[in-house]
Every structure is written in C-alpha cells, then in structure tokens.
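First the structure, in the form of structure tokens, and then the observations on it.
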Amino acid sequence: MRKLILLFHIIILTLPAALYAQSGTQKTIAGTVKDVDGVLPGATVIEKGIPANGTITNSAGKFRLTLKGKSNTIIVKFVGDITQEIVVAGKTNIDVNMATNAHGLDEVAVVGFGKTTRITSTGAVSSINAAEIREVPTANVQNTLAGRLPGFFSQQSSGQPGKDASDFFIRGVSSLNPNGNQPLIIVDDIEYTYDQLQQINVNEIETISILKDASTTAIYGIKGANGVLVVTTRRGKTGAPKINFRTEAGLQSNTITPVFLNAYQSAVLVDQAEANDNIGSPNPQKLTFTQTDLNLFQSGADPYGHPNVDWYNEIVNKYAYQTNANLDISGGTDRVKYFISGGALDQNGDLKYFPDPTGVLNNNYYFTRYDFRSNLDLKANNTLDLRLDVTTRFSDINQPLSGSSAIGSLYDFTQETPFTAPVLNPNGTFAYAYSSFNPSHLPTLNARLASGGNENSRRTDYNVLFNAAQKLDAITPGLTATARVAYASTEQYTAQNTPSSSAIPSYHFNAANNTYTLNPNGAYVFPPYEETGQTDIYTNDVNVQLFANYDRTFGSLNHVTGLLLLNQDAATTYANSAIILAPTQVGVPSKYRGISLRGGYDFAGKYLFDINAAYNGTDRFAPGHQFGIFPAMSLGYNMNKENYFKNLFPFFGLFKVRGSYGVVGSDAAPGNQYVYTQNYVQGGSAYSFGQNPTPYSTYSEGSLANNNVVWERQKELDFGIDMNLLKDNKLTATIDYFHNIRYDQLITPASVSEILGVGLPAVNLGKTQNQGIDGQIGYHSNIGKVQFNTSFVFSYAKNKILYEDEPQPAYPWLAQTGHSIGQPFGYHFLGYYTPADVATINKYEAAHGGSNIGDQAVAVPDNGEVIQPGDLKYADLNHDGIVNVDDERAIGYPNLPNTVLGLNLQAAYKGFSISVLFQGSFNYSFIVTGTGIEPFQSQFQPIMEQAWTPQNAANAEFPRLTQNPTTVNSPTFYPSDYWLINAYYIRLKTLELRYVVPSKYLPFHLSSGSIYLSSYNLFTWDNYHKYQQDPEISTNTVGDAYINQRVVNLGVQVGF
Amino acid sequence: MKNYKNKIFILIGLAAVILVSCRKHETFPVQDVTIQYVFDPRDSAGANALNFLLNVYSVVPYGHNRVNPDYLDAASDDAVSSGQGTEVSILSTGTYNSITLPSYENLWSNTNSTNTANCWNGIRYANEFINNIGVVPVKGFYNGIGTRYIWRNEARFLRAYFYFELLKRFGGIPLIGNQVFNINNNLNIPRSSFSDCVNYIVSECTSMQDSLITIPLANPASDNYRATKGAALALKAKVLLYAASPLFNDPTGSNTNPLTGYTNYDATRWATAAAAAQAVINLGGYSLDPVYTNVFATQNDPEIIFVRTANEGTPGYSIETDNAPVGYPAAIGNGQTSPTQDLVNAFPMSNGLPITNAASGYDPSNPYNNRDPRLNFNILHNGSPWLSTSLQTYEGGESKPDNGQQQTLTGYYMNKFMGNDAIGSTFAGHDEDWVVFRYADILLDYAEATNESSGTPGVTVYAQLEALRSRAGIAAGSNGTYGLTPNMTQAQMRVAIQNERRIEMPFEEQRYFDIRRWKIADSVMNAPRMGVSITNSNGALTYNYVQVLATKFIAPKMYLYPIPYTEVVANSSMKQNPGW
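Order-wise, the sequence lines are chains W and C. Those letters in the first sequence? Residues 6 to 1061, by my numbering. Those letters in the second sequence? Residues 18 to 597, by my numbering.
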C-alpha cells in the first residue's frame, strides 16, 4: 500500500507546474445557444486556446463569457451536437445554432474512464448515439447493434420472449477456449454480465461504444482481449423539467413459416420410403398406407379415421402482441441534475393460447420487464461533484413446459404427424397420436401445451453507484480525483409447475363404431401440478474504483492528459440449487484487482501520442501467477493540419493516420476456474461392499492441477485512417486494419499419452491469429430541403488456429490447425450412388470376401449398411474403398459469419423522416440435423418430394427416402457438404418512418410530439432452400429454436 | 493546498482500508479435498482412504449393457444388436480402425463412465492407493495382517486385473510399476512384451494371494464383494489360460513379434494353466450352484468368485427395459439383444446330444422342445413363457410386430440376467451384479487346459463337463456321460469344450474373446449371422432361417485391437499392432 501512495505522489508532484500568459484585451461575449428543439441549457462554451476559461449555458440557454486570449473564437459544445467554433471578433452578442450530429462521426466517443473524439482518438473505437436505436422494437440492446458498429459480430439464435438476446463478439473470435471470447461489458464504468446487459432498457442509454484495439482496451488489462462494449446512461441537463413519454404497440410474427406436407403427401412419401427399404430385404414389409388410405387422406372424407391436420397453423399464432412504454423526466439546476426513467415492456409468445384445463396457471410464452433508473448529479461545492445512480429491473419469463420448444415438437415426426390424430375429438376431448410412427402415443401437442405446466423465471436486478469527483486545481490545474463504489446484485428464481403425472385424459375416437378409447398411457382426470426444479441464484458484485484524471493544455499547443486508476472487484454467486453450478463456482468471490495508467500528449492537435498500461490480476490463478502487465501505445498524425497537405488536398477536413500496438489479456478459464488447485472429487454412491450394500461415496483424483496457469494474452496491432472530405465534411470514412495473435490460450493438451491415467488440466498452449478490416463510410447532404444521410458499415474478421496441441492427424486433410476456430469437418458430396455404382460395389465385394476395402472405383460407408441407388456418395479421400472418419475434411465456414455489412439510409424532409438499415452476414455455414430435416424424424417437408427415385434421378434434390436413421444419408451420422449450407443473408433489419409534429400543432402545451412506425427483421433474403429455418441458426442443431421474430411497431412520443 | 493534501491522504487511507478489508473471504473453494485428507495419517478408520479404494474398484468394467447399450457378446457370433448403428455392430462388421475403435470397447483411452472404464485411470488410482495407504493407520488385522496391507493388496489385485483387460485386447502394454506420473514426466513409455506382461500379472497374483481375505468370509456383512484369495487365483488361472491359447502361444511358432504373443511355442504353458485352475478348485469353498439361474440372482452364491457390484444408476438396473421383448405395454422392453440362430443351435437336446445327431430326437418343426434347459435360461423364443403369456415372435406377432420400431432381428430375445419374469404382469428395475469370475468358468478353464496338455482327454476332463451338464439339467443317460461322446480324441474334446463354454456362459463377455484366443474368429465371424423368421398360418408355424447380418472379421489384424491412434501419435515409443 505504501508503494501505491508513493507512486500516486510522484505522479502528481512531477507533473510540470502550470503557466500561461494572460494578455490581450478582455472582452465579454453574451449569447443564446439553440438547436432545432429550442434553447439548449447545459451547453459548454469555451474560449479557444484557453480551456480553463469556459462557462455553461443556463436554463434559458444563455451564456456570458469574458474572453482573455487573442483568438477571438469561442467553442460551443453540446453532447450529441456538432461542436462549433465561432469567430466573435467585433461581436458582443451572438446566437449559436447547434446542429444535431446525426451521422455520428464527430461526436464524443466514450472509452474506458474517459472520452475521446474522432479528431483526437488514436485507437480503434466505434460508437453510436443510442437515440438512433431507441425505437428499434426489440427488448435487447445487443440485437440492435449488428450492422451499425464496425467490428461488431452477432448471431441471434432464438426469438423467445425474454431469451432472444444475440451472442456477440468484437472483431470475431480469437480464443479456442469456448468461454474465452465474450467481450467485457462496461456500463457507466462498471462491469456487467451478459445477463445484466440484456435487462437494460435502451431508453436509459446515452451512448454505446466498442473498443477494439490494444490502446483502448489495455486499461482493462487482463480482461481486455475480447474487446469492450462500453455503455453510458443518460444524465440530466440544466434546465426546466423535461418530461418525455413514449408508448408503442407492435405485432410480432415468425420470420419464417415452415411448410410441411399434408397427410396425403406425407403418406405417399412414407410408402415410398418403405418401398425403398424393401428392396433387397429378406423380409419385405407391407406398406403402411393402402391406396384406400391415400384416397381418404386426399378427400378428407374421414376426418377422424384419416385426419389431415396442419399442426403448425393449429398451434402457432400468426401474430403476437407486444407493448412498450417509457417515461423519463430530466432537468436540473446548477446544483442538482437528474434523469429519472421508467419503462415497461410486455411481449407475448407466438403460440395460440391453449388454456390449462384445470384453470390454475398460465402456460404460454410471455416476457414482462419493468425498469427504473434514477441518475442524480449533485454539485456539493465548486470543486466537488457527487453522483448517485440507482437502477432496478424486474423481469418475468414464462414458457410452456411441455416441449419447452414447441417449434421442436412441431418439426418432430415421432411426436405427431399430419395423419396422427385430429386436433380435438368430436366430443371435445383431446386426442392422442395414433399411428405406428408415434409409438409413445403422446397426446396431441395442443393437449400437451394445455396441461403440461409452465416454467417461470423471475429476476430482479439492482444496481447502485456512488461517485465523488473532487477537482484538485489547487494542487495543479486540470487534476481531478474520483472515488466510486458500485454494487450490483441479481436474484433469479426459476421453478417449474409440472403435472404430477404425464398421464392426461386423451382418447382415440373410432368413427366406425363411434367409440372412444383411453390412451394406454392416459388417465381419466388431469393430474394436479407440483413445483419442481426450483433454482434460486443470487449474485452480487462490489466494485471500488479510485482514480485521478489530469487534463491540461500548456501553452495552447501542448495538451497533456493522464489517468491513474485503482480498480477492485469482487463478484460472488450463490445458488440455492445442487444442479446448476458446480460447487467450485459457487460461494467463493471471484476477485479482480489492478492499477491502470493512461498518459496522452498531443501537440497542436497534430501529433498525438497515447500510452496505456494496466497491472492487474485475478484470483483464478495461483499466488505468484496472478498479476500481469498489459501495455499498449498508440500514435496519431492529423496530416490535414500540415500546410503541405492542405495545399495538396484542400478537400480533406480531416485526414488522420493512426496506429496502435499492445498486449492485453483474457482471464476466462475453461470449466473450473481454479485450475491451479488439485482436487479429490467425491463421487456419490459409486461402489459398495457388504451383504446389504449401502453405497459408499468414493473419492477419486480430479484432473491434475496446473500450478503455472495464467491468463491468455493477445498481441494487437491496429492501423487506422480517419477522413472527413468535401464541404461540411459531407463524406466521412474510418477504416481499420487489425492483426491479432492470441497466445498462451488455455486448452487441454491433446497429445499426452493416456498412460498418465488422469484428466489433464488446461495449459497455456493454444495460439491463434485473427485479422481483418472494418470501418464505416458516411455521406450526408441535402437536396433542397431533403436531408439525407447514408452510412455503410463493414466488418471482416478471419481467424486461424496456429497451434492447438493437435495430435498428428492420420491424413493431412484431418488437421484442424491452420483452419478457423469452429471450422466444420465432413464428407465431400460427389453425387448420388447410381445403379451402376451399386453393381460395381457388389462385384468387388463378391470377389473380395464381402469386403469393399481397396475398391478404387466406388467407396462405401463403413456403417455396415447396404448401399442403394440414391444414397449420397462421398469422396473417399484416402482411396481405401471405405468412407469413414478418415475421409472427413474441412467443409464450408464456421457458424459465426466472418463478414458483416450494414447499410443505413436516412432521409428527412421537414417533420418527416425515414431510416432504413440493411444488415447482411456472409461467409458462414450450418447444418440442420434430426427433427429439422431427416425423414421420419422431421415432418415431411416439400423438398422431400424431390427425393431421389429411379424416375427423377436427374433432378433429385434429396437422397433416397429411408426409415433407417443411420444411413449415409443422415446429416447426424455423415455430416457433409451436401447438408452444409454456405449461407448468407441480407435483412431489412430496421425500418423507421417518423413524423415530428410541428410545435404549433401540438395541443395541451406539449413541447414535442412525434409518431413513428418502426420494424425489426421486416424482410430477409437468403441463399438456401434446403432448410426451413431462420438464417441466424447455430450449426448441428435440430432446428428447434424458437423462431426469430419480425416486429412491426407503432409508437407515439410526446414531451412536456 | 495543504487541506487538499490531507484530503488525498484521507482518501488513499480509506482506499487502503477497503482494499485490505476485502481479504477476509476465502480465496478458493474450501470444499476442495486434498490428498492429505484422503490419506489422513490420523484416521484410524481409514474412511476416506477406503472411499478412494472403492473408486478403484468401480473402474472394473461392468458388463451389463456395457457397450452402449449392448452386451459385448452382440459383437460375437452369439448375438446381434437390434439397434441400428450401434457400437457392437461396428465391432461385428469389422468397420473400425485405430481412430474409430468404438469408445465403449476402448478401455485404453475412453472416458470413465458408469458402464465403461479407462484401465489406465484404474492403474493410476491403484498406484496412488498403493503408494499412499501406508500412512493411514487403519485399525484391525486379518489373519495377522494389518488391514491397510489387505487393502493395498486389493488395489494390487485390481491393478493386475486392469492389466489383464488391456492385455487380452491389445497384447503387450507398458508396465509402469508403482509410478504415479505427473504432466512433466516423460510418458514416452514403450510396450512391454506379452511375455513380460503375463509374468508381471502372475507374479503380482502370486505375491498378493496370501494377503487377501479368504472365503468363507469372516464378516460377510461388511466384506462381501471384496477381492479374495480366490479372486487372485482365478485371475492368475485366467491369464495363464489366455497365455497358453493359440492366439498368444502360436503352435506353428511363427510369431516373431514379442508384443503380440510369445515368440516360441511351448506346450507346457497349458499344464501351467491347468495347474493354476486346479489351485482355485483346490482352494475349496466354491461349488456349482445346483440352480443355474441362481448364479446371477443370488448374493454370496457359492459359485461366485469375484463380481463387479451393481449400484443404482448402472445400466444393469435396466436390463429388463433394455432387453426384454417388445410388445408388452405394461412392461416396456426394447429387445436390444437378439441372440442368433447359431447360438440356439449350439444347445444340445435335453439328452445332451447335439441337434445334428440323428439320435438326438430334434424335431425341426418343434425346434425348442426337449432342449438343454440352458437354452430357456438364456434365450426367449417363440412360445417361451413371458409375463404370464406365451411369447409371440412369429412375423407380426406381439413381440415381432414388424412395424418399424426396434424389435428382435433374429426372432429371439435374451433371457439371461432377467428376474423371474415368466410370471407376473410387469417388472421393475433392479441392481444386477456383474459376475467377473465364477466357478463354472474355472472348471471349463481346467478342462480345456488339461485336455490340451494331456493329449488324450481323461476322466478329469469329462468330469468337469459332466458336472456342468448335470447341474444344467441334462439327463445323465445310460452311459452316464450326459450326452458326451465317450473316448473323444483331444480335437473332438476341444470342440466339445468350446461348445460347452459357449452354452454355459453366453452374454458373459466370454465368447467374444474365446473365439479370438482360439483363433477361430476368422472362420466364425465371416460366416453369416442367422435368425429365424416364423410364419404363423392359423397356428401352423413355419420356420425359415434367414441371414440377419453380414459380420466381418479381417484376419489376422483384428485378433488384437489397434492401439488408439491418439496414443500412437502422443507416445513416440508406442508401437502399433500389426496390420493397423
């Protein structure tokens, strides 16, 4: 501790003393600052060259400033507006009209513990003003960012109310450790978890930045390697209370509507598959459906004996309703400023409502969330600023328990089929699956949804932040010391109301003799519910930060900034449940502590130099290996300020080149965070002795400890250019190239002999490279009175495994090293086996004792099943006559897109405005398996009508239908580039139409009012027809995720 | 100025207080258990050390539905799996290589789970126990030997057993003695020769056998299931029998690879094996249970030498649901194991004569009448009593509905290990022990080794088979040979013993290895696997015998498993088995 104090002292005392000359004549300027909404209280007015000489406009937007220098220029700043420099020579009274910074490029970007601007930044930062995304009708802030922030990659794999938050990554992924790619999330300088971020109401947010390179993330040191998402919340501004109320109502619908074949079409294909399976079988089986059956399915003459049910439309609603309301009040005086906000969100699910027959609980999907925030700023005296932020959020997520994915049940052929059962029997009772394809005789999906109970999860988040900032100009001008304490807690209680028995009343109606037969697994009454699966998870997090800021300009040209930060955090999770979290993850605080330092110098705004470093560590590692140093430096050169450049390229308003290099870390350890401790694991009732054995518990040696485990490290290199061109900086561009090497990655060694006899710990071995380019090009102008504004955002990040301790592969194509993280491997599709191929195989096998080994002409899979014409034929890469794991090679791309593009178009005419965002993701792949596509697991889908038969062999789009689930045609057992889709999609992600009512038409003394229509995921274009799935889908899933939602939303905003 | 300095000092001071005061919480999970706690030098009960030993025991493979979810015998000629794409079908169709060796049969490098074992884990755990138990002052003596030394010898027995499980699959393996490696040790350890491995296991058994508990158990209430002297002797007999068998003791003497077997042929190895089996018999205390089915249903059965106990959650708990016939709504069975016609045909008639013998009285139109009672004990066929009904396995019958769901492929279901389910209307799961060594096995070992070593089968060879047949319920016959041909040659007797092993011990993980060590897998497994297709025409049954699976065996490489590929690349000294 003494060392810390000493260090603190040295930094303060060695900073050069301040000196600047006061000269020239004094002159007082007065004026009013306005923007389109009216007068602007709280705008900053500073004399150019003398930053200490400034004032803030009062509640009427007026200011008065006595100039001391010679520049005769004032600088007017307001958050969200373009900063203006105004020459005031010869004037004493001036009206300043501020323009909103709609194109988001010159504004202040929030970085860790400070701010930067486009002109002075030397690092890679992208940011947006949250006003741009406030009306996007989705509950989660991260869903709104794709295509808006260069370097931001996301994938939304569920549309379920309350669980639809996207996974997101900054500049793609670099770590082989699956937990090691989550960006750090910082809200008002305090670390948030993914869960907490999802709960934030966008209405409370002021700005969002992502920090992408070492110079901006090094201050977070051991947690910075995955990039940082920085969020600041809105604060009050001096002025009369402004009340703002917004209410919206929207309709949600599924982005895709899967089409399944009807009973007749399905039955035909069932017979086709059975006929296929009978070929060459010693015991040909009778086809399930006779021509009479087929005729009845087609005519619909026997709706109970031969039903034909479109289950998707019976179960899923076309539209679901959502509402959202926000109320905020902000304002302030010179002493106190406040921003108080409340929000309520209510989303319904996409299923029709099947009421609980016992009438006791709500078993449908829904999500409700209430947010409250109060941000207070107090000026205790002229030098001491206090701040108190309090936030609470309550949410309630409900879902039906029966088939927690109802979509999965709809796809699942084994649960019900179009010909399985009617929706309800004629007497109104529930029916059950009555077909040989549904051996478990499940009641119909509507019966299971109605009586299956629910899972309900209630969550409370609570955050409080206290901050005191003391100006220490008395020690040296420009110095501020800040202390901050933040506390965050969450509690989440989840429970399931389960029927005490799965036996519910369901009957098979026999139309021929008008009788009802109870389901063999059924009961005559509905069972009561019991509460099961209760989990109660509490987390709390205490964060203490002490920091000193220094910001001073010497001589008007030498601008020096500095930051010294002490940061400490302890996060604890308690779980009132035995199953959710391992004991090693519960109850012990996870601690983090460090010192960070930042120094900046710029000369005349021309030469920029920044240095950042952190010395920090966590208790995840053994004593002695806990703390590391993470340095970074960056340089910037504003070339447009050089005369030679101005002469050569007068159309550049800004031309800055910059570069940064540094090392940052990631402390996420896979699995057990205490890799350094050797644990002997207690196993429950594993073995027993004795005559009436009572199982003893056992002890066994856990995975070996790794005493030397440390954090992952990443070397980050970034070059960027920032440009503003043309008159009024109409064209702006920022382009960054980055090259990162992630090394010392924690992976479990794969090339250690089994003779060791025990599990291995994670070891710092892996190494990957990640490089790419991202940026944003914007253009804004006006044609007559129409203002328009365009920006194009692009992100490309491609990673490569350099070392992962992979055992020497048997064949070079099996190697993962050299490919991207998550690279899929599978077989290469050559075509369908032809009858000639099968003859060749039979001939070879007859001559070689029934074995195809060594057959150079046609290879067969090694699953022991007989190949038939129409099966998928894969390349035999090692030419051994057998298709097996030796023949799998890299196919397609990883599931996370490596290219994301966004095109944002905005136009405004008087009060009307339109804003459109197209977002596209490219270069990614996925496979759907099981109930998503495989015959007799999935419902029959239209593409299966194109299955290979001898007649349409030339036009086949699907392999031979078979009942056998393990053939070479199964994507589960034989992943291949036949099933793998190299996908892209382009989405009309958001569309917003707005009309701002001119104030003269506003009734009731309203100060502002607007009406808007906004939408989310309105249209999607993609490039595949094999699967009926939303394009944002994880690979190798059965395609049962809750389908992503398209939302059309109508909103009204009024201000008082 | 001064005021501000003071304020800074106060702030920094407060910060220091906050930072320091945060150190009160524990910094790592105190629930973690250290080795000092497991092997506690103050614990005279040795409770935790015993729990560690129990964990070593739990690595012993548990055979019921072990090869997820099949019996290993479904990869032999005795049965096939009714499931599709199962691991045993990869084994039986010979479609594996060093990378794709099915994980539940890969005792070298799979992950431990309830129904499978990683023998290298077991060896390491045993070594940790052997090295550390000495510090635990466990109270008590047995026959004058301190309890902790008894326990240590149990761990040595288990270690030897794990080596045997590896040896019979892979040939010679690295012998690592008592070493417990850490990650910094050189693990490039070469394989020891087959001969050295046999010698090591035998010498370990010999040195520990007299320092284990003996039967009759002094305290069965607490010691039942522990490894006994009998278990050590049985293991020794078993290893020596394998070592004498043609696969490893090649009669042509042409083997030159010391890793895969002896490089010389030595007929006296049979005599050594016979003597080792004799030693178990001479130990006394074991006998054949007069009721065959009791062996698998009774604790402390006099026939049992060593078992791997069941415990809740092991797959044995669901033997019935996994293997019982389909078609009983009140008692769902999945019919996982389909015994083959080949196995059914191996059972003689109840007079002991093989069904191919014209005098046997075999009636092809009533093929299950008057057969060796072990047929019914082991196999359910059409007409077998099951859940108070008569089993229907004809095409379209309740238990062979041919409706697309899993059902028997061969027309037969497995009956062994089930409770008495011929009566009643349903069954419940129950814990079923897995018998590792039983007395009948030793008698067969003895008969085989004696026949091979003596040249002409004498009366002691006949006596073993007759004892088994008598117990099974075969009629002694007028000549008292229980249907065995008198005065067989050595070769005839070899066939008789091999058949007797097959019908006495189906589904006990014997046949799969027997056909390998006898080197007959090449001919057996390349023959078609047959089942029965019965058509029922108004009660008139017609039996058609159909091929149900084409099994494949590539000789000679498949006589031993490949060393897993990952091991060969991770260990530069590891030599692969020939052909892989």
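Virtual Cβ for every residue (Gly too), placed ideally from N, Cα, C.
Report yes if the CB atom of residue 868 of chain W is closer than 8 Å to the CB atom of residue 117 of chain C, and no otherwise.
No, Cβ-Cβ distance for residue 868 of chain W and residue 117 of chain C is not below 8 Å.
Against residue 586 of chain C, what residues of chain W qualify as contacts under a CB-to-CB distance less than 7 Å, listed in chain order?
Result: 756, 812, 813.
Between the CA atoms of residue 1003 of chain W and residue 376 of chain W - distance to the nearest angstrom
Cα-Cα distance, rounded: 31 Å.
By DSSP, does residue 589 of chain C sit in helix, in strand, or in coil?
In the structure shown, residue 589 of chain C sits in coil (DSSP, three-state: anything other than H, G, I, E or B).
C-beta contact flag for residue 397 of chain W and residue 478 of chain W at 8 Å
Contact: no.
Could you check how far apart the C-beta atoms of residue 849 of chain W and residue 878 of chain W are, in whole angstroms? I think they sit under 8 Å.
Contact flag wrong, Cβ pair sits at about 15 Å.
Interface flag, residue 406 of chain C vs chain W, CB-CB below 8 Å
It does not; no Cβ of chain W falls within 8 Å.
Along the chain, which unbroken stretches of the beta strand (DSSP E) at least 3 residues long are found entirely within the stretch 189–239 of chain W?
Qualifying beta strand (DSSP E) stretches, in chain order: 189–192, 195–197, 210–216, 233–238.
Are there 16 or more other CB atoms within 10 angstroms of the CB of residue 205 of chain W, so buried, or fewer, so exposed?
Taking all protein chains shown into account, residue 205 of chain W has 16 or more neighbouring C-beta atoms within 10 Å of its C-beta and is therefore buried.
Using 8 Å for Cβ pairs, my map puts residue 456 of chain C next to residue 558 of chain C. What's the rounded Cβ distance?
Actually they do not touch by this definition, with Cβ atoms about 39 Å apart.
With a threshold of 16 other CB atoms inside 10 Å of the CB of residue 357 of chain C, please say whether the residue is buried or exposed.
Buried.
My assumption, with CB atoms under 8 Å, is that residue 763 of chain W sits in contact with residue 141 of chain C. Please give the rounded CB distance.
Yes, residue 763 of chain W and residue 141 of chain C are in contact; Cβ-Cβ is about 6 Å, under 8 Å.
Pick helix, strand or coil for residue 589 of chain W, following the three-state DSSP scheme.
Low local confidence applies: a pLDDT of 49 at residue 589 of chain W is under 50, so the model's placement there is unreliable, and no value is given.
Residue burial classification, residue 791 of chain W (beta-carbon count within 10 angstroms, cutoff 16)
Taking every protein chain shown into account, the CB of residue 791 of chain W has fewer than 16 other CB atoms within 10 angstroms, so this residue is exposed.
Could you tell me whether the Cβ atoms of residue 521 of chain C and residue 391 of chain C are closer together than 8 Å?
Yes, the pair counts as a contact, with Cβ atoms nearer than the cut-off.
Chain C contact residues for residue 692 of chain W, given Cβ-Cβ distances below 8 Å
Going along chain C in sequence order, the residues near residue 692 of chain W (Cβ under 8 Å) are 71, 72, 74, 75, 326, 328.
Where does the unbroken alpha helix (DSSP H) through residue 392 of chain C begin, and where does it stop?
From DSSP, the alpha helix (DSSP H) with residue 392 of chain C extends over 390–395.
Here's the rule: buried if 16 or more other CB atoms are within 10 angstroms of the residue's CB, otherwise exposed. What is residue 656 of chain W?
Classification of residue 656 of chain W: exposed, given that the 10 Å Cβ count is below 16.
Between which two residues does the alpha helix (DSSP H) carrying residue 65 of chain C extend?
The continuous alpha helix (DSSP H) containing residue 65 of chain C extends over residues 64–74.
The alpha helix (DSSP H) spanning residue 54 of chain C covers which residue range?
In the DSSP assignment, residue 54 of chain C falls within the unbroken alpha helix (DSSP H) covering 52–55.
Cα-Cα separation between residue 354 of chain C and residue 931 of chain W, rounded to whole angstroms
Separation of residue 354 of chain C and residue 931 of chain W (C-alpha to C-alpha, rounded to the nearest whole angstrom) is 36 Å.
Would you list, in sequence order, the uninterrupted alpha helix (DSSP H) runs of no fewer than 4 residues that lie entirely inside the stretch 352–418 of chain W?
The stretch 352–418 of chain W contains these whole alpha helix (DSSP H) runs: 411–416.
Cβ closer than 8 Å: which chain C residues qualify as neighbours of residue 196 of chain W?
For residue 196 of chain W, there are no C-beta contacts with chain C under 8 Å, since the nearest C-beta of that chain is about 16 Å from it.
Buried or exposed for residue 365 of chain W, going by 16 or more other Cβ atoms inside 10 Å?
For residue 365 of chain W, the number of other beta carbons within 10 angstroms of its own is below 16, and it is reported as exposed.
Within 8 Å of any Cβ in chain C, is that where the Cβ of residue 597 of chain W sits?
No, no contact with chain C.
How many angstroms separate the CA atom of residue 787 of chain W from the CA atom of residue 643 of chain W?
Approximately 28 Å, taken between the alpha carbons.
Run through DSSP, which three-state label would residue 137 of chain C get?
Helix.
What residues match up with residue 988 of chain W in a beta bridge as DSSP calls it?
Listed as beta-bridge partners of residue 988 of chain W by DSSP are W:929.
For residue 891 of chain W, go through chain C and note every residue whose CB falls closer than 9 Å to its CB, in chain order.
Under the 9 Å cutoff, chain C gives 114, 116, 117.
Per-residue contacts from residue 525 of chain W into chain C (C-beta, under 7 Å):
For residue 525 of chain W, the residues of chain C that pass the 7 Å Cβ criterion are 346, in the order they occur in the chain.
Check whether residue 452 of chain C and residue 312 of chain C have beta carbons under 8 Å apart
Yes. Within cutoff.
With DSSP collapsed to three states, give me the class of residue 318 of chain C.
Residue 318 of chain C falls in the coil class under three-state DSSP.
What does residue 108 of chain C reach in chain W if we use C-beta pairs closer than 9 Å?
Residues of chain W passing the Cβ test: none, with the nearest at roughly 10 Å.
Cβ pair count under 8 Å reaching 3, the stretch 939–947 of chain W against the stretch 266–283 of chain W:
Yes: the two stretches touch, three or more of their Cβ pairs being nearer than 8 Å.
In the DSSP output, which residue or residues are listed as bridge partners for residue 792 of chain W?
Beta-bridge annotation (DSSP): residue 792 of chain W is paired with W:787, W:913.
Identify the contact partners of residue 316 of chain C in chain W, using a Cβ-Cβ distance below 8 Å as the criterion.
Near residue 316 of chain C (Cβ distances below 8 Å), the residues of chain W are 696.
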